[in-house]
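For the sequence shown, the numbering used here gives the first residue as 80, with consecutive numbering after it.
In this text, a Cβ means the ideal position worked out from N, Cα and C, and glycines have one as well.
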Amino acid sequence: MISALKISHTIKLVPALCLAACASAPGEPVRWSIDGVSLYDSGHEKGTEIISVQQATLRAVLSNFDTGDIDVLDVSHPKHLQRIARFTLALAKGEELTSVAFHPSLDLFAAVIDAGIKPGRLEIHSASTGLLIDRIIVGFGPDAVVFSEDGSIAMIANEGEDFLFEPTKKQFFTPEGSISIIRLSHSGHITHHNNLELADMTFHEGFVVTQGGRFLEREIDWNGDGVISKKTDFDGNGLVEKKKVSLGLFEGHDVYGTETNGERKILIPIKTHSPALLEPEYIAIAPDAGKAYVTLQEDDAVAVVDLVNEQIISYYGLGATQHKTDARYEGWVKFDQSMAGLREPDGITTISNGHYFVTADEGDTDSDSPIPSDKQPISGGRSVSVFDAATGTLLGDTGNQLDEVAFANKVYPDRRSNKKGSEPEMLVSFDLDSIPYVAVGMERAGAVEMISLEDPAHPKVVALGKIAGDEDKSPEGIAHFEIAGEHYLLTANEMNGTVECFKIIRNRAN
80 MISALKISHT
90 IKLVPALCLA
100 ACASAPGEPV
110 RWSIDGVSLY
120 DSGHEKGTEI
130 ISVQQATLRA
140 VLSNFDTGDI
150 DVLDVSHPKH
160 LQRIARFTLA
170 LAKGEELTSV
180 AFHPSLDLFA
190 AVIDAGIKPG
200 RLEIHSASTG
210 LLIDRIIVGF
220 GPDAVVFSED
230 GSIAMIANEG
240 EDFLFEPTKK
250 QFFTPEGSIS
260 IIRLSHSGHI
270 THHNNLELAD
280 MTFHEGFVVT
290 QGGRFLEREI
300 DWNGDGVISK
310 KTDFDGNGLV
320 EKKKVSLGLF
330 EGHDVYGTET
340 NGERKILIPI
350 KTHSPALLEP
360 EYIAIAPDAG
370 KAYVTLQEDD
380 AVAVVDLVNE
390 QIISYYGLGA
400 TQHKTDARYE
410 GWVKFDQSMA
420 GLREPDGITT
430 ISNGHYFVTA
440 DEGDTDSDSP
450 IPSDKQPISG
460 GRSVSVFDAA
470 TGTLLGDTGN
480 QLDEVAFANK
490 VYPDRRSNKK
500 GSEPEMLVSF
510 DLDSIPYVAV
520 GMERAGAVEM
530 ISLEDPAHPK
540 VVALGKIAGD
550 EDKSPEGIAH
560 FEIAGEHYLL
570 TANEMNGTVE
580 CFKIIRNRAN
């Protein structure tokens with residue numbers, strides 16, 4: 080068995096930002112801290128992307144997109160995380176393991192495999208032996224899989240983000256995203272599958288169409304040689320220059336590439352909210368499994384799924400957040416510029432009573448005008464937002480707290496100031512002292528932040544924990560578990576191949 084390296088580091092908020100979130104007894108306010116207690120090293124340089132915990136057995140599954148491995152970890156001793164198994168999925172050339180989820184009660188996990196411009200698949204495996212229990216073809220580009228709390232339903236966000244270029248027609252094509260609903264038997268076998276298609280939301284109330292240009296930045300094999308080039312002579316003049324070249328059309332609009340960026344960064348215009356551009360990203364299933372909420376990141380929206388009748392019943396446009404930010408990379412940080420940011424959330428979760436859903440507003444598009452203002456929205460809210468689950472009404476967001484707290488704790492990535500800041504990625508919800516909280520991974524800051532939702536109209540960042548190491552960490556997946564009343568967090572850090580375990584600590588104020 081592989082054990083974790085024990086580490087010890089604690090980061091707390093500066094007093095001005097770390098306000099009491101709750102009290103364990105009248106007159107005894109509590110300040111929270113997040114202590115790193117151990118670090119699991121997968122032995123791989125990168126790729127540790129999604130982490131999912133089975134609370135009943137205190138085991139976790141960890142996916143690696145770079146190797147196709149799934150590690151099963153024993154988390155019952157948080158200071159000494161141990162790998163108890165490693166399974167390598169049988170992937171064909173061009174396939175990628177994108178997500179994994181531990182069943183809440185059965186000895187199995189679900190994994191989804193992206194097959195590019197072909198439909199992907201869901202696989203159910205034994206968590207003890209790795210043996211394949213069942214499998215089924217799903218939609219294009221499956222990117223996330225989650226279970227309902229009772230384990231009877233698995234849902235998959237089929238992103239459909241890959242693009243294909245047809246040179247004879249000079250047209251770009253992409254498969255449409257979708258949402259899969261899978262029902263399981265008590266033995267974990269698949270008994271039912273339904274794939275929900277998405278509607279055209281171009282003229283739907285609440286969906287934002289900005290005045291300036293917005294783009295998807297995609298890797299596309301434009302010349303069909305099977306390799307994504309770093310530099311490409313798009314116009315065929317024998318030179319690779321730093322200039323934009325029109326490469327063809329997508330939905331009647333020009334697609335551009337910059338020769339010095341090659342096929343790595345081809346810009347797909349967002350002019351509509353057509354089904355081809357609705358890309359499901361992540362899913363939160365309500366505690367009673369009656370509904371699910373699916374982020375459509377590039378469209379700044381959430382789709383609401385009725386799980387009883389298996390249909391999409393609503394689309395919530397999430398709008399823009401307005402607050403101060405630092406949008407300049409100048410060697411110093413000053414949060415004094417007004418910005419309006421389309422939320423474009425990645426992660427989403429519901430709280431324990433199901434009344435709210437909460438989004439991590441990362442951003443995933445590019446703009447003709449990347450300089451923030453309070454008039455022209457940019458990509459990403461740099462925030463965490465709380466919405467009424469029944470109506471989609473915004474209740475409140477963190478404004479610029481995430482970046483300010485990262486800066487106060489000396490982990491703010493100033494080099495990302497003119498991009499999307501610290502980039503809140505995935506989040507998880509839990510209750511402490513009957514108060515709902517969420518923890519969110521900050522991809523570019525290499526940290527995790529904890530937010531009190533005691534007042535959902537004013538979510539408050541109450542603690543930050545720094546992931547160990549000086550190299551890029553990029554926390555992607557995040558999970559929560561509890562042992563004897565103590566609460567822990569796990570972050571899967573995709574850029575250095577590790578998982579960090581944090582303990583949430585109550586510190587009574589003096």
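Closest by C-alpha distance to residue i, when choosing among the options
i           : options               : result
residue 425 : 419, 146 and 439      : 439
residue 330 : 319, 352 and 113      : 352
residue 548 : 227, 267 and 576      : 576
residue 180 : 260, 354, 196 and 223 : 223
residue 442 : 460, 116 and 455      : 460
residue 199 : 216, 321 and 472      : 216
residue 137 : 585, 569 and 420      : 569
residue 110 : 530, 556 and 432      : 530
residue 299 : 258, 241 and 247      : 241
residue 561 : 185, 526, 581 and 276 : 581
residue 313 : 294, 382, 295 and 343 : 343
residue 542 : 536, 552, 526 and 534 : 526
residue 377 : 385, 359, 384 and 387 : 359
residue 258 : 197, 318 and 383      : 383
residue 563 : 279, 134, 435 and 504 : 134
residue 280 : 293, 381 and 160      : 381
residue 143 : 261, 120 and 160      : 120
residue 537 : 348, 480 and 302      : 480
residue 315 : 208, 309, 306 and 302 : 302
One or two residues paired with residue i in a DSSP bridge
i           : result
residue 508 : 517
residue 111 : 585
residue 537 : Answer is none; residue 537 lacks a bridge partner.
residue 621 : No answer is possible for residue 621: the residues shown for the chain start at 80 and end at 589.
residue 325 : 335
residue 420 : 400 and 457
residue 440 : 462
residue 227 : Partner(s): none; residue 227 has no beta bridge.
residue 544 : 527
residue 445 : 294
residue 559 : 568
residue 306 : According to DSSP, residue 306 bridges with nothing at all.
residue 503 : 521
Environment of residue i [buried if 16+ CB atoms lie within 10 Å]
i           : result
residue 470 : exposed
residue 392 : exposed
residue 540 : buried
residue 254 : buried
residue 162 : buried
residue 587 : exposed
residue 171 : exposed
residue 100 : Because residue 100 carries a pLDDT of 34, less than 50, the predicted location of this residue cannot be relied on, and the following value inherits that uncertainty. Buried: at least 16 other Cβ atoms inside 10 Å.
residue 545 : buried
residue 265 : exposed
residue 512 : exposed
residue 341 : buried
residue 356 : buried
residue 189 : buried
residue 167 : exposed
residue 270 : exposed
residue 246 : exposed
residue 295 : buried
residue 431 : exposed
residue 494 : exposed
residue 552 : buried
residue 95  : Low confidence applies to residue 95: its pLDDT is 36, below 50, so where it sits in the model is not reliable enough to give any reading.
residue 444 : buried
residue 263 : buried
### Sufficient close CB pairs (3 or more, under 8 angstroms) joining the region 321-340 to the region 384-403
no
### Task
Pick out the complete beta strand (DSSP E) segments inside the region 384-412, 3 residues or longer, and give them in chain order.
390-396 and 399-404
#### Entry: Length at least 3, wholly inside the region 451-489: the beta strand (DSSP E) runs in chain order
462-467 and 473-476
#### Entry: Given 8 angstroms, three or more beta-carbon pairs between the region 515-524 and the region 497-505
yes
### Task
Could you tell me whether the region 378-393 touches the region 406-418, where touching means 3 or more Cβ pairs closer than 8 angstroms?
no
### Task
Note down, one range per segment and in chain order, each beta strand (DSSP E) of at least 3 residues found wholly within the region 156-217.
161-167, 175-181, 187-194 and 197-205
### Task
For the region 214-222 and the region 168-185, state whether three or more C-beta atom pairs, one from each stretch, are separated by less than 8 angstroms.
yes
### Task
Could you tell me whether the region 360-369 touches the region 226-237, where touching means 3 or more Cβ pairs closer than 8 angstroms?
yes
### Query
Does the pairing of the region 310-330 with the region 246-261 give three or more beta-carbon distances under 8 angstroms?
yes
### Query
Can you list the beta strand (DSSP E) stretches of 3 or more residues lying completely in the region 240-279, in chain order?
243-245, 250-252, 257-263 and 269-276
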